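Report on the structure given below.
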Amino acid sequence: MTAPLLSVRGLTVRLPRGADRAHAVEDVSMDLHAGEILCVVGESGSGKSITAAAMMGLLPRGLDPVAGTIGFEGEDLLRLSPSRMRTLRGRRLGMVFQEPMSALNPVLPIGDQVEEVMRVHGVGTTAERRARTVEMLAAVGLPDPEALVDTHPHRLSGGQRQRVMIAIALMLEPAVLICDEPTTALDVTTQMQILRLVKDIQAQRGTGVMFITHDFGVVAEVAHRVVVMRHGRVVETGPARDVLDRPSHDYTKALIAAVPRLVPRAAEAAGPILLETKGIAKTFRRGGGLLRPGKIVKAVHDADFVLHRGETLGLVGESGSGKSTLARCVIRLIDPEAGEIRLDGTDLRPLGKSALHPVRKRVQMVFQDPFSSLDPRRKVGDIVAEGPRAHGTPKRAALERARELLRLVGLDPSAAARYPHEFSGGQRQRIGIARALALEPELLVADEPVSALDVSVQAQILDLLADLRARLGLTMLFITHDLRVAAQVCDRVAVMRHGAIVEQGSTGQVFGAPAHPYTRALLDAIPGRGWVPGGVAG
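In structure tokens form, the structure reads like this:
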């Protein structure tokens, strides 16, 4: 085999004093060859992104490399001057970050940001940079690139913004492209488009791609070789097929075992109807101003469904399909313009705030991002107790109930005295579930509750929800864009597209024999669908 394009040997990065361990990464070694995709896999905190940041000379303040080398084209990247690293970044080393909206400047047009790499490196005239920008935007599959150069980031979808980030990284055709979780927040079809784009770039340009992910479906879709990291160390490495099909380390086996299977669960016996929607309509006005009326968007229409007591109905579809808007209409966080929302036969839509107050006890919601939905200034016990206190429960009793609920969701009751920032993402989601259960609801609306979590933590939360459903008799409306997750937790699914439900039925029926072309397209876009984790059809 030819010499590696980039070679990491014994990399050790020290954490600040007082951290829960001494090193962010310790004695890490890996090679990246030209023309290959190396997937680096592991849970949050495993050291994946720190390793990538060390390669790019972008380690945060306070994180210091204390041992090892990163060899690239005859130089050690750890020992280069800042000016030399600036020369290499963009020109020979490119990086695509996880969240493009935070990586792109919201006040600058797309074109200015894409051509900045050439401008900083003194490449080309103004006209040549503009032409190269249009060329690269077209190369990554963006529509109407001539117009796009004058467009601001907020007018693009998540997938389009990620394509812009890839265009920026590739402007000067670097030898190494590092992709740090670039598809984590994307729906399944957009995710597949980005993965295919990365594979095409790697094949056409011979680029060495380091792809950081916690999604083994992504690994199965793109990887040539795999490195598995845990607690800052490499625990397993090898060809993708060997790691995926014959993992040797117990940690790798546990990660693969936690991957949801596309095997529909056996549906529970249907009880009486608890929730029914008819003719729900919700529109939004986008753009416009004092002199322009803006565009009317039908966010939800033709989205009738019924939900029986004790069952879980999944709302699935791409971002922008109307799933979350429909759910927020159901629980009256937003008001639809038309239709009926019947809870046990009572239409909730005409009810005012005072009449809705007792209904809030019966219907609660678990949000996608627990960190933004938990008040950072309040202790966890007060957060969980807030609902009961608002409905008249004395403070002492509400706090005692909060501690019981924290124990129920797998946290120590002492967590009540701590603040949200002191917990991991999975623990914060458990807190969000405890808060939702505090009023003993009949219906739980879960809006993408596991989409931002590592696969093992995701499995823990899904197991917790299944356990709570069985123990408490919960009915759930479960929103997700991950069809593997929907197959694991939902009795029935409703597929949404452009605000309408285009297909619904039992999970086995819809996923086993989809009737609508859109449903078939969603299933075909599942990364690594041909891979069979653990030998179970998936």
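Residue numbering for the sequence shown follows my numbering, starting at 15 and increasing by one per position. Yeah, the Cβ is synthetic: ideal placement off N, Cα and C, and Gly gets one too. The structure presented is a predicted model; accordingly, all values stated were derived computationally and were not measured.
Beta carbon of residue i nearer than 7 Å to that of residue j
i: VAL503; j: PHE492; result: yes
i: THR291; j: VAL314; result: no
i: GLU354; j: ASP361; result: yes
i: LEU453; j: GLY522; result: no
i: VAL423; j: ARG444; result: yes
i: ILE215; j: GLN176; result: no
i: PRO390; j: HIS435; result: yes
i: THR165; j: ILE192; result: no
i: VAL242; j: THR227; result: no
i: ALA237; j: ILE51; result: yes
i: LEU536; j: LEU488; result: no
i: VAL39; j: ILE64; result: yes
i: GLN382; j: GLU462; result: yes
i: GLY395; j: ALA416; result: yes
i: VAL202; j: HIS495; result: yes
Secondary structure of residue i, DSSP reduced to three states
i: GLN518; result: strand
i: GLN218; result: helix
i: HIS166; result: coil
i: MET109; result: strand
i: ILE66; result: For clarity, residue 66 is Ala in the given sequence; the question names Ile instead. If DSSP states are grouped into helix, strand and coil, ALA66 belongs with the helices.
i: TYR532; result: helix
i: PRO372; result: helix
i: ILE445; result: helix
i: ALA551; result: With a pLDDT of 40 at ALA551, under the threshold of 50, the predicted position of this residue should be treated as unreliable, though the coordinate-derived value follows. Coil at ALA551, not helix or strand.
i: VAL394; result: helix
i: ASP361; result: strand
i: THR203; result: helix
i: ILE192; result: strand
i: ALA277; result: Reading the sequence as shown, one finds Val at residue 277 and not Ala. DSSP places VAL277 in coil when its eight states are reduced to three.
i: SER428; result: helix
i: LEU156; result: coil
i: PHE437; result: coil
i: VAL524; result: helix
i: GLY61; result: coil
i: GLU400; result: helix
i: ASP389; result: coil
i: ALA537; result: Just to set this straight, residue 537 is Leu in the shown sequence, not Ala. Helix, per DSSP.
i: ARG299; result: strand
N- and C-terminal bounds of the alpha helix (DSSP H) containing residue i
i: GLU142; result: 140-153
i: CYS343; result: 337-344
i: GLN382; result: Per DSSP, GLN382 belongs to no alpha helix (DSSP H) and is neither H nor E.
i: ILE475; result: 469-486
i: GLY353; result: Counting along the chain, GLY353 falls outside any alpha helix (DSSP H), though it belongs to the beta strand (DSSP E) covering 352-357.
i: MET556; result: Residue 556 cannot be examined here, being either before or after the span of the chain that is shown, 15 to 552.
i: ARG415; result: 409-422
i: VAL233; result: 230-236
i: LEU497; result: 497-503
N- and C-terminal bounds of the beta strand (DSSP E) containing residue i
i: SER262; result: Element bounds for SER262: n/a, residue is neither H nor E.
i: LYS312; result: 309-314
i: VAL509; result: 506-511
i: ALA460; result: 457-461
i: LEU453; result: From DSSP, LEU453 is part of no beta strand (DSSP E); its letter is neither H nor E.
In DSSP terms, what residue i is bridged to
i: GLY76; result: Per DSSP, none; premise fails for GLY76.
i: HIS37; result: ARG28
i: ARG255; result: DSSP output for ARG255 lists no bridge partner at all.
i: ASP45; result: SER21
i: PHE492; result: GLY328, ALA460
i: VAL55; result: THR227, VAL242
i: GLU282; result: DSSP lists no partner for GLU282.
i: GLU290; result: VAL320, ARG356
Residue-level contact to chain C via CB, residue i, 7 Å cutoff
i: GLY138; result: No chain C appears in this structure, which consists of one protein chain only.
Check: Residue ranges of each beta strand (DSSP E) run of no fewer than 3 residues wholly in the region 85-137, ordered along the chain?
Finding: With a minimum length of 3 residues, the unbroken runs of beta strand (DSSP E) contained wholly in the region 85-137 fall at 107-110.
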